[in-house]
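A.B. asks: Residue numbers (this note's numbering): 295 to 463. Positions of the beta carbon are idealized from the N, C-alpha and C atoms, including for glycine. Structure in C-alpha cells, see below.
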C-alpha cells in the first residue's frame with residue numbers, strides 16, 4: 295500500500311509584493327485570525343539555497359504577525375524571539391550548525407510548543423531531530439523572482455493550505 299504524497303501548493307513570488315501577500319496570509323493563519331481557521335501557533339520550516347528569500351519571507355511574516363521594531367536575522371544568534379499579544383514568535387536559523395545535536399544541546403526543543411509560531415530556516419541542519427513542521431516551504435529561484443512550494447506536513451498544515459488556496463475550498 296502506497297501512501298499519497300502530502301498536499302502542496304505552488305505559489306509564484308515574482309516580486310517583493312507577492313512575498314508580502316503570502317506572508318500576510320500565512321500570518322493571519324498562524325496567529326489564529328482566520329474565521330473558521332485553526333488555532334494560533336504552528337511550525338514552519340523554510341528551505342532553499344542561500345539568497346532564495348527565506349529570511350525575507352520570515353521577516354514579512356513576523357511583520358504581518360504584528361512584530362514592530364527591528365526584525366533581526368538570527369544567523370549569528372541562532373534565535374530571535376518576539377511576543378505579540380501573548381503569542382510568541384520564534385525565528386531560528388540553523389545554517390551554522392555543523393552537528394544535528396547542536397539545536398537540542400542549546401535547549402531549543404523546549405520552545406517548539408504548539409502555542410507559538412516557530413519559523414526555522416535551514417531545518418535540515420538539525421537532521422531528523424526536529425519535530426515535523428505543520429508547513430514546509432521550499433523557496434527556489436524563478437527568473438528574477440522566486441517560487442514557493444508549500445507542503446502540508448500535519449492536519450494544521452492541511453488546514454492552512456485549504457485557507458490559502460481558494461480552489462481547495
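Near residue 324, which residues of its chain fall below 6 angstroms by C-beta distance, leaving aside the five closest residues on each side in sequence?
C.D. replies: 336 and 411
A.B. asks: Nearest chain C C-beta to residue 441 closer than 9 angstroms, yes or no?
C.D. replies: Of the chains in the structure shown, none is chain C; there is only one protein chain.
A.B. asks: Could you tell me which residues DSSP puts in a beta bridge with residue 381?
C.D. replies: 378
A.B. asks: Leaving out five residues on either side along the sequence, give the residues of the same chain with a beta carbon under 6 angstroms from the beta carbon of residue 358.
C.D. replies: 317, 318 and 321
A.B. asks: What does the alpha-carbon distance come out to for the pair residue 463 and residue 430?
C.D. replies: Model confidence at residue 463 stands at a pLDDT of 43, short of 50, so the residue's coordinates are unreliable and nothing is read from them.
A.B. asks: By DSSP's criteria, residue 306 is part of a beta bridge. Which residues make up the other side?
C.D. replies: 441
A.B. asks: With DSSP collapsed to three states, give me the class of residue 454.
C.D. replies: helix
A.B. asks: Identify the continuous alpha helix (DSSP H) that holds residue 372 and give its terminal residues.
C.D. replies: No alpha helix (DSSP H) holds residue 372; DSSP gives it neither H nor E.
A.B. asks: Tell me whether the beta-carbon of residue 423 lies closer than 9 angstroms to the beta-carbon of residue 342.
C.D. replies: no
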